[in-house]
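Residue numbers (the numbering used here): 25 to 297.
Notes follow the structure.
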Amino acid sequence: MEMIRLDDTYMKNSPIQSSKGNQFKWEREGVWYKADYTGYEGLAEYMVSGLLQYSNLEEMEFIQYQTEEIGYKKAVYRGCKSQNFLPDGWQLITLERLFKNFYGQSFYQSLYKIERVQKRACFLVDQVELMTGLKEFGSYLCRLLTIDALFLNEDRHMHNIAVLYDDTGRYHYCPVFDNGSALLADTTVDYPMEEDIIELIPLVKAKTLSADFMEQLDVAERLYGQKLYFTYDEGIINELLRKEHYYPEDIKMRIKEILLQQRRTYSYLFRKN
């Protein structure tokens, strides 16, 4: 596989912020590239988007990632690439920025002044629908929280949920993207490779409505119904990992174990083909 070489000409600063810092990101000829920063973020993006193909999401509702080897200056990084999904003249606006523009306050801080998780969910949905005119944001939020719970994405805060703003002044739903913090990808600090995933999984904390993935998903499903289901099995996981060319087998085996464990935990989300 030929490595892609990138330089500072293509370097970009993303409006999407991570709680663990910012990866190197580039855009070249309509393709976004991201270098791994704390572990195997590129493989996490690839696997999550690959398995979303085996869900009831439509193709345009999520972004597909492929892994990539990236040469930058004198270093070589593993990472991923995806097509730029933003039409010319459109903007990607995070919920934090949107709320700050409307009210001059932090959305995240305002949300967590509310004690009950259910009231936080209602506040978030009501405010986004008020600010954007979008309908059924609760269903959209429920899909995000399902993905985060199943794949252990620990980085879905108000800087990391966004809407699209077109050149006529209308808002649109943003496709699901940026799941690089899923699947215990941070092997540098929080989830070292040598530790048991059964011990690590309970340490992963959500960041949207609650620190507890199950709690926030349960609240969202009670309010808005179950909005997402999956049909993948171990065979599909194996096939996706087999097709990937850059990451070592020990990381792939760890991801497989995590995915199978999470599939057992959230078995109600799965249906037969």
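Glycine is no exception: its CB is placed at the ideal position from the N, C-alpha and C atoms.
Model, not experiment: these values are computed from the prediction.
Whether residue i touches residue j by CB criterion (8 Å)
i	j	result
residue 258	residue 233	no
residue 74	residue 104	no
residue 59	residue 94	yes
residue 175	residue 206	yes
residue 217	residue 274	yes
residue 247	residue 145	yes
residue 125	residue 51	no
residue 122	residue 155	yes
residue 23	residue 293	Nothing can be reported for residue 23: it is not among the residues displayed for the chain, which extend from 25 to 297.
residue 252	residue 80	yes
residue 211	residue 64	yes
residue 271	residue 102	yes
residue 165	residue 141	no
residue 249	residue 195	no
residue 35	residue 269	no
8 Å CB neighbourhood of residue i in its chain, flanking five on each side removed
i	result
residue 265	71, 276, 279 and 280
residue 153	159 and 161
residue 90	70, 104, 105 and 106
residue 100	27, 93 and 94
residue 288	none
Coarse secondary structure for residue i, derived from DSSP in three states
i	result
residue 232	coil
residue 146	helix
residue 210	strand
residue 84	helix
residue 91	strand
residue 223	helix
residue 178	coil
residue 103	strand
residue 113	coil
residue 71	helix
residue 254	strand
residue 294	strand
residue 25	coil
residue 63	strand
residue 79	strand
residue 217	coil
Spatial neighbours of residue i in its chain, beta-carbon cut-off 6 Å, leaving aside the 5 residues before and after
i	result
residue 114	188 and 190
residue 76	86
residue 96	30
residue 48	59
Where the alpha helix (DSSP H) containing residue i begins and where it ends
i	result
residue 97	No alpha helix (DSSP H) contains residue 97, which DSSP labels as neither H nor E.
residue 197	Premise fails: residue 197 lies in the beta strand (DSSP E), 195–197, not in any alpha helix (DSSP H).
residue 260	258–267
residue 120	119–127
residue 189	Run containing residue 189: none in the alpha helix (DSSP H); it sits in the beta strand (DSSP E), 186–189.
residue 134	131–135
residue 140	Neither: residue 140 is in no alpha helix (DSSP H) and is coded neither H nor E.
residue 242	237–248
Close Cβ partners of residue i (< 7 Å) along its chain, the five nearest in sequence each way excluded
i	result
residue 68	203, 204, 206, 207 and 209
residue 199	84, 85, 86, 87 and 109
residue 78	254, 255, 256 and 260
residue 237	172, 173 and 230
residue 111	none
residue 147	135 and 138
Terminal residues of the beta strand (DSSP E) in which residue i lies
i	result
residue 283	It is not in any beta strand (DSSP E) - residue 283 instead sits in the alpha helix (DSSP H) that spans 273–289.
residue 58	55–59
residue 30	28–30
residue 51	49–52
TODO: Please confirm if the region 202–220 is in contact with the region 133–140, defined as three or more CB-CB distances below 8 Å between the two stretches.
DONE: no
- Taking 8 Å as the threshold, find out whether the region 163–170 comes into contact with the region 241–256 through three or more Cβ pairs. yes
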